[in-house]
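Working notes, beginning with the structure itself.
Number of protein chains: 2
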Amino acid sequence: MSRVAAAYPADRVSLREVGLRDGLQLVNAWPSTDEKREWLTREHAAGVRHFEVGSFLPASRMPQFADVRQMIDMVSGLDHARSAALALNERGLADAFETEVDEVVCVISATEEHSQANMRRSRVEAIDLVRMAARMRDERGHKAIVNAGIAMAFGCSITGKVDQAEVLRLAGGCIEAGADIVGIADTVGIAGPRQVAELSAAMARLSGGGVFIVHLHDTRGMGIANASAALDAGCRVLDGSLGGLGGCPFAPGATGNVVFEDLVFLCETKGFATGIDLDALAAVRSVPEHAMPKEKFYGAIARAGPPRMLDWRA
Amino acid sequence: MSRVAAAYPADRVSLREVGLRDGLQLVNAWPSTDEKREWLTREHAAGVRHFEVGSFLPASRMPQFADVRQMIDMVSGLDHARSAALALNERGLADAFETEVDEVVCVISATEEHSQANMRRSRVEAIDLVRMAARMRDERGHKAIVNAGIAMAFGCSITGKVDQAEVLRLAGGCIEAGADIVGIADTVGIAGPRQVAELSAAMARLSGGGVFIVHLHDTRGMGIANASAALDAGCRVLDGSLGGLGGCPFAPGATGNVVFEDLVFLCETKGFATGIDLDALAAVRSVPEHAMPKEKFYGAIARAGPPRMLDWRA
């Protein structure tokens, strides 16, 4: 079995909890390493298996991820759990491959304008980093899979409309460069379910029956509807964050990632077993809520609970 | 053209704003008639055309709807606007047909248990009231259409699971009794998009290419995803309420109806033109927010605004 098929079997849905990475990216206060450990281990006990836990960046720039190596070690100690972390340059890649990380995430912008403004490099250079990641991984005989995430895939905070054929071209470029899996991200929460369905269906064709990731933000309330559309179009790997943590610097007042708890409920009602205990999952919110009292937490399942009077699993 | 085709053309989506009825059903404080007038006229100016404005019940029981006749008169004075109001017994029907109301709404419970507990009558008696409504309407030569709404159609707060074939049987019974249009309501916000799609597709077949209504609550965060699934399955009439107003007595902490503003955004991204100005619509929230400062208002569009950097209409 290929590395990616082992990580993300095509015959079931895998949910990636990105709260410990994307959810902490813009906050002013964040949980201590011990609090992150509690967040992680309690979510794992509730059945969560995929954790994006940080970014390999200088601690001076992103102090919330200074403990990324400890987080990866923690995940390694949990049964069937998988860690993922971002690496945005050669130094980050080298650091990542010194750890037991299960997945290295590189980021490509869908538009040249956003790539230059946000990452100060071209999209070609971003894809070159994917190529470098795959090569370094192979040279070191490291186990990690390489994940290439395409930011602004549904619309860009700078250019506005994004040519969907261009996104597919970039996705193909990432695969050609050695990416094991590609993600498409609605970074600023612009998409509706029709657009998500169309691009997901094209990604399903591009990946030849393999898996790809859809990463959604709930900025305009479409998060769960978009996730549902992605699932209908063949997507089997979705990102979410506990309580919908993760703001967006380009959209003041925007909410963050699609709410993980609500995403679990959605999947179960659609007949995709997640193996996750919803009550236990929702109870984990108390950890980041305590650590980040100024953050707003979202989600309906945490407020109303799953239905008690009937079996809501399809 | 039939009355119902004139009210709800099958070739476009109609959105019914039920905030002034369902949204006020359980609140302890409500807007004055003048404040309701502002809510109504500003929404109408924003492009909203379908308003459920109250219930024909004794003012002693539901004082928030004591001005239902004035509300109906107000709607009559607005271009292309349509009023709907509930009538739950013979007296209510008689009162309704004394007004210029455009639509009389009768309610049937999907389960016998809920019908007896909530309305103290059988489902057969509830359908008899639909028959009476159609007969009284015809005897008086009144213009109103008769709408039969099936509560708990996706799951019941008493029995739990609801047999979907039974819902279709009840819907057929309502049509046979003279209902011009039938609605299916996820009263306690239990459904997921798969169930909504399946029942909506069956309702589309039952209504023979005609229209039916899907009424959703966002209790568990599935509201917009369910609306999207209903649209995909052929539904062309959806209910919503400004700010998601409308709690549920059976689910403490639950949110109310699907958020009208977010519903408009959803429809537009799917290529269904609504004719509604989203910024003007979201601005109307200040009216009920001021009148009901203790209520919680929901919705992402009101918080983040529609996207500014691109045309989000499909």
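Same order as they appear, the protein sequences are chains A and B.
Using the numbering used here, the letters of the first sequence correspond one by one to residues 1 to 314.
Using the numbering used here, the letters of the second sequence correspond one by one to residues 1001 to 1314.
For glycine and all other residues, C-beta sits at the position ideal for the given N, C-alpha and C.
Quick check on the burial criterion: 16 or more other C-beta atoms within 10 angstroms. Buried or exposed for K1143 (chain B)?
exposed
Quick check: is the beta carbon of D79 (chain A) nearer than 7 Å to any beta carbon in chain B?
no
Taking Cβ positions, are I150 (chain A) and L129 (chain A) nearer each other than 7 Å?
No, the pair does not count as a contact, with Cβ atoms beyond the cut-off.
Looking at chain D, which residues of the stretch 142-172 of chain A have a Cβ within less than 9 Å of any of its Cβ atoms?
Among the protein chains of the structure shown, namely A and B, there is no chain D.
Within chain A, the residues that Q1195 (chain B) reaches when beta carbons sit closer than 8 Å:
T269, A314
Looking at I1127 (chain B) and G1172 (chain B), is the spacing between their C-beta atoms short of 7 Å?
no
Evaluate the contact criterion for the stretch 1202-1219 of chain B versus the stretch 1231-1241 of chain B: three or more CB pairs, one atom per stretch, below 8 Å.
yes
7 Å CB neighbourhood of A233 (chain A) in its chain, flanking five on each side removed:
A197, S200, A201, A204
Could you give the residue range of the alpha helix (DSSP H) that holds G1183 (chain B)?
Not the alpha helix (DSSP H): G1183 (chain B) falls in the beta strand (DSSP E), residues 1181-1186.
So, for R1135 (chain B): in the same chain, excluding its five sequence neighbours on each side, which residues have a beta-carbon less than 8 Å away from its beta-carbon?
Result list for R1135 (chain B): G1178, in chain order.
Label T99 (chain A) either buried or exposed according to how many other C-beta atoms from any shown protein chain fall within 10 Å of its C-beta, with 16 as the threshold for buried.
buried
My output table needs one value for V27 (chain A): the three-state DSSP class, helix, strand or coil.
If DSSP states are grouped into helix, strand and coil, V27 (chain A) belongs with coil.
Can you check whether the CB of P31 (chain A) is closer than 7 Å to the CB of A225 (chain A)?
In this structure, A225 (chain A) lies away from P31 (chain A), with their beta-carbon atoms at least 7 Å apart.
To the nearest angstrom, how far is it from the Cα of C1156 (chain B) to the Cα of R1123 (chain B)?
Going by C-alpha positions, C1156 (chain B) is about 14 Å away from R1123 (chain B).
Using 7 Å as the threshold, is the C-beta distance between D1022 (chain B) and G1246 (chain B) below it?
yes
Which first and last residues belong to the beta strand (DSSP E) in which G54 (chain A) is found?
50-56
Interface residues of chain B around A300 (chain A) at Cβ under 9 Å?
G1189, D1218, T1219, R1220, G1221, M1222, G1223, A1254, T1255
Spatial distance of R1037 (chain B) from Q1164 (chain B) (CA atoms):
Note on geometry: alpha-carbon atoms of R1037 (chain B) and Q1164 (chain B) lie some 39 Å from one another.
Three-way DSSP call (helix, strand, coil) for S363 (chain A) in this model:
Any question about residue 363 (chain A) goes unanswered here, given that chain A covers just 1 to 314.
At which residues does the alpha helix (DSSP H) containing N226 (chain A) begin and terminate?
223-232
If we call anything under 7 Å between Cβ atoms a contact, is A1085 (chain B) one with V1068 (chain B)?
yes
Using the three-state DSSP reduction, which class does A66 (chain A) fall into: helix, strand or coil?
coil
Residues bridged to S14 (chain A) [DSSP beta-bridge criterion]
Answer is A:V237, bridged to S14 (chain A).
When you compare each of B:Q1070, B:L1026, B:E1052 to S1014 (chain B) by their alpha carbons, which one comes out closest?
Measuring from the Cα of S1014 (chain B), the nearest candidate turns out to be B:E1052.
So, under 8 Å CB-CB, I184 (chain A) and V167 (chain A) are touching, yes? Tell me the CB distance rounded to an integer number of Å.
7 Å
List, in chain order, every chain B residue whose beta-carbon is nearer than 9 Å to that of D277 (chain A).
What D277 (chain A) touches in chain B: nothing, since even the nearest Cβ is about 16 Å away.
Considering only DSSP beta bridges, list what I1276 (chain B) is partnered with.
In the DSSP output, where bridge partners are listed per residue, I1276 (chain B) has none listed.
Taking CB distances under 7 Å as the criterion, tell me whether A85 (chain A) reaches chain B.
no
Could you round the C-beta distance between D1095 (chain B) and F1056 (chain B) to whole angstroms and report it? I think they count as a contact, below 8 Å.
Rounded, the Cβ-Cβ distance is 5 Å, consistent with contact.
Would you please verify whether the beta carbon of F1297 (chain B) is less than 7 Å from any beta carbon of chain A?
no
State the Cα-Cα distance for the pair E321 (chain A) and D279 (chain A), rounded to the nearest angstrom.
Lying before the first or after the last residue shown, residue 321 (chain A) is absent from chain A, which here runs from 1 to 314.
Whole-angstrom distance between E295 (chain A) and V27 (chain A), CA atom to CA atom:
C-alpha of V27 (chain A) to C-alpha of E295 (chain A): approximately 8 Å in a straight line.
Please list, in chain order, all residues of the same chain as I145 (chain A) whose beta carbon is under 8 Å from its beta carbon, the five residues on each side excluded.
R3, V4, A7, D102, E103, V104, D180, I181
Residues of chain B with a CB under 9 Å from the CB of F265 (chain A): which are they?
G1192, R1220, G1221, M1222
Name the two residues that bound the continuous alpha helix (DSSP H) containing G247 (chain A).
Counting along the chain, G247 (chain A) falls outside any alpha helix (DSSP H), and DSSP gives it neither H nor E.
List the residues that DSSP assigns as beta-bridge partners of A85 (chain A).
A:G54, A:V104
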